[in-house]
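Below is one structure, written out as structure tokens, with a few remarks after it.
In my numbering, the protein residues as written are 1143 to 1368.
Below, the structure is given as structure tokens:
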């Protein structure tokens, strides 16, 4: 993710940024009832911060997302400017999102792990935003002020109630979960949920009805012969 790169640019203009600057990054994963999914990242920067950043920062960050298969478009909200990166998955049972963290030694994380069953599938979501290498920077009071001006969140929208999650910010009857992500920490997002395999259940019911019908027919034939 682009957080580390941005913070380095912010630190280069520490005093000015503290006075005028802030940044937001919101990641959101929506799982739909048909097992499709939409994954979006919104990155917003205060326009007053732009002059202090590397002139290619936004363009390079956009390219990073595009290289990972995202559709990228300019985005504006709350007088802040930036971009929105979106990805659509047709079937989470057969497609996996790979989340890549930008650092000297990139590490990939499977965001959705599926355990398939006949009547239902179990899903485990695990996403890691590791900014622990910034921990030493938090000892600087000026850097702390910058961190306080940055808002990073991860939101998960589910079609059913989550079974487990490592966040207390849960709304919408357990179907909407949100995590706050913190600089200087290894942020781990985890949640579990299940989806019923409706087609398999219907198939089982039809098969059972056919078996019952065959048994009844055989019984009636046997009774008629007697």
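Beta carbons: idealized from backbone N, C-alpha and C, even for Gly.
Item	Value
Sequence-distant residues of the same chain with beta carbon closer than 6 Å to residue 1349, five excluded per side	none
Any 3 or more C-beta pairs closer than 8 Å across the stretch 1196-1208 and the stretch 1315-1327	no
Proximity of residue 1224 and residue 1185 at Cβ, strictly below 7 Å	yes
Under 7 Å between C-beta atoms of residue 1233 and residue 1177	yes
Residue of 1321, 1336, 1206 and 1341 minimising C-alpha distance to residue 1304	1336
Whole-number beta carbon distance between residue 1253 and residue 1343, since they are thought to touch under 8 Å	Actually they are not in contact, since the Cβ atoms of residue 1343 and residue 1253 sit about 27 Å apart, beyond 8 Å.
7 Å CB neighbourhood of residue 1172 in its chain, flanking five on each side removed	1179, 1180 and 1299
Candidates 1314, 1201 and 1229: closest to residue 1213 by CA position	1229
Alpha-carbon spacing of residue 1306 relative to residue 1333, whole angstroms	5 Å
Residues near residue 1211 in its chain [Cβ-Cβ closer than 8 Å; skip 5 each side]	1229
Inter-residue Cα distance where the pair is residue 1364 and residue 1338	40 Å
Counted within 10 angstroms of its Cβ, other Cβ atoms place residue 1361 as buried (16 or more) or exposed	exposed
Burial state of residue 1191, where buried means 16 or more other Cβ atoms lie within 10 Å	buried
Close beta carbons around residue 1207, own chain, < 6 Å, minus the five adjacent residues each side	1214 and 1227
Nearest to residue 1221 (by Cα), restricted to the options 1188, 1237, 1182 and 1235	1188
Residue 1207: first and last residue of the uninterrupted alpha helix (DSSP H) it sits in	1199-1209
Own chain residues within Cβ distance below 6 Å of residue 1308, not counting five before or after	1332
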